[in-house]
Ligand code: DC
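See below:
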């Protein structure tokens, strides 16, 4: 069967990764969480006190970063590794979330991440989610989805996710972080978040996981027929 590239872009906490994971499982495709790559770079910068306003420091740091995804059989999903260390959980911490949009707006960081992402898509059969996947990374992807959801629903979802790991998180902090990230992601100079002209909008405010999967699978099937 022919293999395609599926891109899923949208605002923070719209359920992009849930859908991307579901789709990859159904189609036996590779799932790549591009946001995890920007998060892992941010973690490296924070740990190593890299000033991301300083281009030389950024370039030197990027030369020392290796990002890989490995499939975790037990969890049934891929996890991100930074220089050989599994950082899948660390990169979800609020301290990383607070800085990641700033780091992701950096030109050298984006060039580094986009080149790695394009390499991963060479063999097709891939679902990648992020902010610029349908516009910059794979402008010729066969299927592009753009996800949205009501902001209050998005805050609630992210709160539940983070609360499960750390009951001290506050809903106000999460709301402020989401709003700030949306603002930076949409207004940055390089590859800002926007819907590709040929992307299909999927608003999942009132959809279950199963319903959003069926919606996307129908689009895949239409392309295959
Ligand atoms: O999808 P996420 O919340 O894990 O993404 C973290 C941040 O990374 C997000 O605030 C913006 C940035 N990002 C990006 O600029 N481009 C992408 N393709 C994916 C994420």
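Residue numbers (this note's numbering): 0 to 224.
Beta carbons are placed, not taken as given, at the ideal position from N, Cα and C, and that holds for glycine.
- In the DSSP assignment, residue 30 is bridged to 126.
- Residue environment: residue 175 is assigned as exposed (fewer than 16 neighbouring CB atoms within 10 Å of its CB, all protein chains considered).
- Taking 8 Å as the cut-off, the Cβ atoms of residue 71 and residue 78 count as close.
- In this structure, the straight-line span from the alpha carbon of residue 201 to that of residue 146 is close to 5 Å.
- Unbroken alpha helix (DSSP H) runs of no fewer than 4 residues, entirely contained in the segment 68 to 118, are found at 93 to 103, following chain order.
- Every alpha helix (DSSP H) of 4 residues or more that sits fully in the segment 167 to 219 is shown, in chain order, as 170 to 186.
- Relative to ligand 1, residue 168 has its C-beta separated by 7 Å or more from all heavy atoms.
- The closest CA to that of residue 173, considering only 161, 182 and 15, is found on 161.
- Just so you know, the alpha carbons of residue 88 and residue 183 end up roughly 23 Å apart.
- Annotated as proximal: residue 6 and residue 137, with beta-carbon spacing under 8 Å.
- A Cβ-Cβ distance of about 6 Å is found for the pair residue 129 and residue 8, placing them in contact under the 8 Å criterion.
- Distances between the C-beta of residue 193 and the heavy atoms of ligand 1 are all 7 Å or more.
- Where residue 143 is concerned, the enclosing beta strand (DSSP E) starts and stops at 142 to 147.
- Secondary structure of residue 224 (DSSP, three-state): coil.
- Under the DSSP assignment, residue 8 falls in the beta strand (DSSP E) whose first and last residues are 4 to 9.
- Here the C-alpha atom of residue 127 lies approximately 14 Å from the C-alpha atom of residue 2.
- Boundaries of the alpha helix (DSSP H) harbouring residue 55: 54 to 62, taken from the DSSP string.
- Put simply, the backbone Cα of residue 69 is about 15 Å away from that of residue 116.
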